[in-house]
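This note's numbering puts the first residue of the sequence shown at 262, with every later residue one more than the last.
From the three backbone atoms N, C-alpha and C, an ideal C-beta is built for every residue, glycine too.
Just below is one structure, and these are the notes that go with it.
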Amino acid sequence: MRFLKHVEHAPAFLTLRMRPLLAIPAFGVMLVAAVWTATLLQLATSERAAVTAALRDTENFVATYEQYARRAIKNADRTALLVKREFERDGAMNLPELVAAGLVDRGDFAAVRITDALGIVVASSLPSERPFSVADRDYFHLHAAQDTGRLDISKPVVGRATGRTVILLTRRMNHRDGTFAGTVSLAVTPDYFTDFYQEAKLGNRGALSILGLDGVFRARRVGHESASTPEAGNKQLVAQAQLAAEGSYEGVSPIDGTLRLIAYRKVADYPFIVMAAQAKDEVLAEFHRSRDRYLLIATATSAVILAFFAVVTVLAVRLQRNRADLKTQRGFLQTLVHNLPIGVAVRSMKAADHGRYLLWNESNEVVFGVKAERALGKAAAEVMPGELAARIEEWDRELLASPMVQEVMKAVDVAGRGRRIIRGIHAPIFGADGAVEYLMSIASDVTEEQASADDLRLASKVFETTADGIMLTDGDDRVIMVNPAFSRLTGYGPGEIVGQTLAESPFRPIDPAASEARMVRLHSEGFVTDEVQRFRKDGTPLFLWVTGTCVRDAAGAIVNYVRVFSDISPLKEAQRKLEQLASFDTLTGLPNRRLLDDRLDQALRRALRLGGGAALLFIDVDGLKEVNDTYGHDVGDLLLQDIAARLRECVRASDSVGRYGGDEFVIVLEDGARAADALCVCQRIVAALADPVDVGGHRVRRGASIGIALYPQDGTDGATLLKNADVAMYEAKKGGRNRFVFFARPVDETPGGGVMAAGG
């Protein structure tokens, strides 16, 4: 305004001289237009990319949903065919029996009903449901009129028994002569088809629906809630699906007025179309935040440019009015140009100095790594790398042929800074005759900005595709997001856990004290790893290796927690099996020598501590070699398994039975066992093994020679007791086998009944 005021009050001759100066503000306006053109072009490109990616994701999702819908219909059809075959084979049907046997899953269907040829419900999966007539239903008329051999899926109707909106999947049933016998119907709620909704894929206001080729919706879901199905349907989409079996488009919902990105797909083998949609404003939420930043930067840049050219214009007017101030004004302009936050260069397009640089500000020196003294007065080929110089000449030809603002993006090798990404804007400056006299270039280094965008995209991809479960919480340990692998691992979807603190969520720690200790370590060290146990949503145990880190702001305050969960359940199971193999005999399932020695040592320590007694029985199977030689080792193995089972039945639960060698077993009697207790157990063993047994189709005789050593009389350590019991066992064998012998005759027993002294 001040400039116009000066011009308005200037003498006529001065106004004529100032007219060429109008090119300066005009150039400033063109520069602002170039900045905004570049900004808007970038925003339009980003918006198109976001919409294209969202449409592609929605198309992929609807392809998966089509498979889900087809499986859901086939699952219902299998149940209907099962009931139909049972009825047509037997001429009658016991539906409650099928439900009780688990052949008809009541969890999938609201009700399963059978009607007779008059339309009266004669059987139902709902135990208390009374008979009623469905003779007026469309599906009943359809099946009664003809045997189509296909499953019929109705429009949404109000169930007469339940009063809820249901979809009926029905088949005709025939008598053996082929005449109409009635129908079998499965009632499902619309949620049967739309429970596939995933907020992580479709957003809070995404939509999921299934549409019949008759133009009527069967089910529809918006966000987490089932939505009403409009009676008008969508005839236009049906017509479009007849031309193309799958596709996508943008459309405004006539129901809630929301603009959505919609993908559809015809269901193979069935007359339906499935649709999935994302609200466009949710898809573009991140773009809108970026757009605001871009617009703010463009506004600030425009303000700087306008201020610059306003100052330049005022200075030019003053220069015309007062040439004495020319030097001062020129210095000011140079300072202003050189302090602009973006690189500015101007080249002449006049014949005398065509292509020579006339202006090269300090920001341009930083962007291209070339000092002004090296650039001014030289052509692009003398300043820029060969490839870039060739591209500049090509851009010059295009701009001179069609003068307009150009935006370009180019990777450039900058001395001392490596490979940089430069965004440039080229604009023509016209002379009084309308010809292009100068070309102005504005350059900015966007390497870090581009790298940040790439890093964000990569981090998002890693988060979505990593095989380990990841949970991100805020400074209060409230869940912000989980990745798909976490949901697959635990069974909990984002909607079930996001927004809750970890300690209050369904996936909370089962050991609060251990969890608190880990948090103390995490706060002090910033990093923690540990093995933890949780439970999946279905209740099955889950063993995890968790790695936790905390993210702090510049002031050191914790703003986020990151936890990575790795499933080590297979490793734990393998460890359990290895421990089982290391401690138990693989043939009989009894403790092996290593575990039995350990249990013997523990029993002796308890007996010493409590002042009680213990007994050790060393058992050798009589005749095992003859069985192996006569019938083979397979029969011998079966005999050993039978003997192991008999021995377990002869002792208490607190006693230990183990296999010590090929045909040798050891029994440790605890809890203060005395000689009388050992005698009683030996008598049971001899009696249990006295009769022949059928093993592997052969009649086999069994027997055992048993040596008995008592603690502390016959030894105070496991090795001594085992040696003495072994000695007593050999005495039993020499005495005729299938008998038992004490190592030393106990003071409270008299010889007889198979008890003999072996030493002492």
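DSSP three-state call for Ile749: helix, strand or coil?
Numbered from 1 along the sequence shown, position 488 holds the residue referred to as residue 749. According to the sequence provided, residue 749 is Arg. The question's Ile does not apply to it. Note: Arg749 maps to helix in three-state DSSP.
List in chain order: all unbroken beta strand (DSSP E) runs of 3+ residues lying wholly within the segment 369-445.
372-376, 382-385 and 426-435
Scan the segment 876-956 and note each continuous alpha helix (DSSP H) run of 4 residues or more that stays entirely inside, going in chain order.
885-892, 894-910 and 936-949
Could you give the residue range of the beta strand (DSSP E) that holds Asn821?
Working through the sequence shown from its first residue, we reach residue 821 at position 560. In the DSSP assignment, Asn821 falls within the unbroken beta strand (DSSP E) covering Ile819 to Asp828.
Buried or exposed (CB count within 10 angstroms, at least 16 for buried), His270:
As a working note, residue 270 is residue 9 in the sequence shown. Because His270 sits at a pLDDT of 47, beneath the cut-off of 50, its placement in the model cannot be relied upon, and the point is left open.
Own chain residues within Cβ distance below 8 Å of Tyr555, not counting five before or after
The count along the sequence shown starts at 1 and reaches residue 555 at position 294. Counting only Cβ-Cβ distances below 8 Å, and skipping sequence neighbours, we find Thr300, Gln303 and Leu304.
Starting from the C-beta of Leu387, find all residues in its chain whose C-beta is less than 6 Å away, skip the five residues before and the five after it, and write them out in chain order.
Reading the sequence shown from its first residue, position 126 is the one you call residue 387. Within the same chain, Leu387 has close Cβ partners Ala372.
Any heavy atom of the ligand ATP closer than 7 Å to the CB of Leu430?
Of the ligands one can find in the structure shown there are none, so the ligand ATP has no counterpart to examine.
Using the Cα positions of Val820 and Arg718, report the straight-line distance between them to the nearest angstrom.
Stepping through the sequence shown from its first residue, residue 820 is reached at position 559. Stepping through the sequence shown from its first residue, residue 718 is reached at position 457. Their Cα atoms are separated by approximately 22 Å.
In the segment 527-573, which residue ranges form an unbroken alpha helix (DSSP H) of at least 4 residues, counting only runs that do not cross its ends?
541-544
If we require 3 or more residues per run, which beta strand (DSSP E) segments fall completely within the segment 465-525?
468-473, 478-483 and 507-513
Would you say the segment 945-961 touches the segment 980-987, given that touching needs at least three Cβ pairs under 8 Å?
no
Would you report the Cα separation of Ala468 and Ala676, rounded to the nearest angstrom?
Translated into positions along the sequence shown, residue 468 becomes position 207. Translated into positions along the sequence shown, residue 676 becomes position 415. If you take the alpha carbons of Ala468 and Ala676, they lie about 53 Å apart.
Determine the direct distance from the alpha carbon of Ile690 to that of Val268, and round the result to whole angstroms.
As a working mapping, residue 268 is identified with position 7 in the sequence shown. As a working mapping, residue 690 is identified with position 429 in the sequence shown. In this prediction, Val268 scores a pLDDT of 41, lower than 50, which makes its location untrustworthy; no coordinate-derived value is stated.
Could you compute how far the alpha carbon of Ala422 sits from the alpha carbon of Val395?
On the sequence shown, position 161 is the one that residue 422 refers to. On the sequence shown, position 134 is the one that residue 395 refers to. Roughly 11 Å separates the two Cα atoms.
By a C-beta neighbour count over all protein chains shown, 10 Å radius and 16 as the cutoff for buried, is Lys886 buried or exposed?
Position 625 of the sequence shown, counted from the first residue, corresponds to residue 886. It counts as exposed.
Suppose the cutoff is 8 Å on Cβ atoms and the five residues either side in sequence are ignored; what does the same chain contact list for Val419 look like?
Position 158 of the sequence shown holds residue 419. Same-chain partners within the cutoff: Arg425, Thr426 and Val427.
By DSSP's criteria, Glu757 is part of a beta bridge. Which residues make up the other side?
Against the sequence shown, residue 757 aligns to sequence position 496. BP columns for Glu757 are empty, so no partner.
Looking only at its chain, what residues have a beta carbon closer than 7 Å to the beta carbon of Gly1013, apart from the 5 residues adjacent to it on each side?
As a working note, residue 1013 is residue 752 in the sequence shown. At Gly1013, the pLDDT of 36 sits below 50, so the modelled position is not reliable; the number obtained from the coordinates is stated separately. There are no such residues.
Would a C-beta distance cut-off of 8 Å place Ala876 and Asp952 closer than the cut-off?
Walking along the sequence shown from the start, residue 876 turns up at place 615. Walking along the sequence shown from the start, residue 952 turns up at place 691. Not closer than 8 Å, so no.
Go ahead and label Leu211 buried or exposed: buried means 16 or more other beta carbons lie within 10 angstroms of its beta carbon, across all protein chains shown.
Residue 211 falls outside the range modelled here, since the chain spans only 262 to 1021, and no answer is possible.
Among Arg824, Arg769, Ala868 and Val383, which residue has its Cα nearest to the Cα of Val743?
By one-based count along the sequence shown, residue 743 stands at place 482. Looking at the Cα atoms, Arg824 is the closest of the given residues.
Count the other C-beta atoms from every protein chain shown that fall within 10 angstroms of the C-beta of Tyr510, then say buried if there are 16 or more, exposed otherwise.
Numbered from its first residue, the sequence shown carries residue 510 at position 249. Exposed, because fewer than 16 other Cβ atoms sit within 10 Å of the Cβ of Tyr510.
Using 10 angstroms around the beta-carbon of Arg374, count the other beta-carbons present and answer buried if the total reaches 16, otherwise exposed.
The sequence position of residue 374 within the sequence shown is 113, counting from 1. Flag for Arg374 reads buried.
So, is Leu545 buried or exposed, given that buried needs 16 or more other C-beta atoms within 10 angstroms?
For the purposes of this step, residue 545 is taken as the residue at position 284 of the sequence shown. It counts as buried.
Apart from the five residues on each side of it in sequence, which residues of its chain come closer than 7 Å, Cβ to Cβ, to Gly464?
Against the sequence shown, residue 464 aligns to sequence position 203. The beta carbon of Gly464 sits closer than 7 Å to the beta carbons of Gln539, Ala540 and Glu543 from its chain, once the five residues preceding and following it are set aside; these are given in chain order.
What's the C-alpha gap between Gly512 and Pro831?
Position 251 of the sequence shown, counting from 1, holds the residue named residue 512. Position 570 of the sequence shown, counting from 1, holds the residue named residue 831. Approximately 48 Å between the Cα atoms of the pair.
Glu668 bridges to which residues according to DSSP?
Position 407 of the sequence shown, counted from the first residue, corresponds to residue 668. DSSP output for Glu668 lists Ile686 as bridge partner(s).
Three or more C-beta pairs below 8 Å linking the segment 652-669 and the segment 682-698:
yes
Output the boundary residues of the beta strand (DSSP E) element that contains Val961.
Here residue 961 refers to the residue found at position 700 of the sequence shown. That run of the beta strand (DSSP E) goes His959 to Val961.
Distance between Val383 and Ala240 (C-alpha atoms, nearest Å)
Here the chain has residues from 262 to 1021 only, and residue 240 is not among them.
Please work out which residues of its chain come closer than 6 Å, Cβ to Cβ, to Arg854, disregarding the five sequence neighbours upstream and downstream, and give them in chain order.
Stepping through the sequence shown from its first residue, residue 854 is reached at position 593. Closer than 6 Å at Cβ, skipping near neighbours: Tyr921.
For Asp674, name the three-state secondary structure that DSSP assigns.
By one-based count along the sequence shown, residue 674 stands at place 413. Three-state DSSP puts Asp674 in a strand.
Using only alpha-carbon positions, find the residue among Glu659, Glu725 and Ala606 that is nearest to Val644.
Residue numbering aside, residue 644 sits at position 383 when the sequence shown is read from its first letter. The candidate whose alpha carbon is nearest that of Val644 is Ala606.
Take Gln328 and list the residues in its own chain whose beta-carbon comes closer than 8 Å to its own, dropping the five residues that flank it on each side.
For this step, residue 328 is matched to residue 67 along the sequence shown. Here the set comprises nothing.
How about Val807 and Asp791: are their beta carbons less than 8 Å apart?
Indexing the sequence shown from 1 puts residue 807 at position 546. Indexing the sequence shown from 1 puts residue 791 at position 530. In contact: Val807 and Asp791 (Cβ atoms closer than 8 Å).
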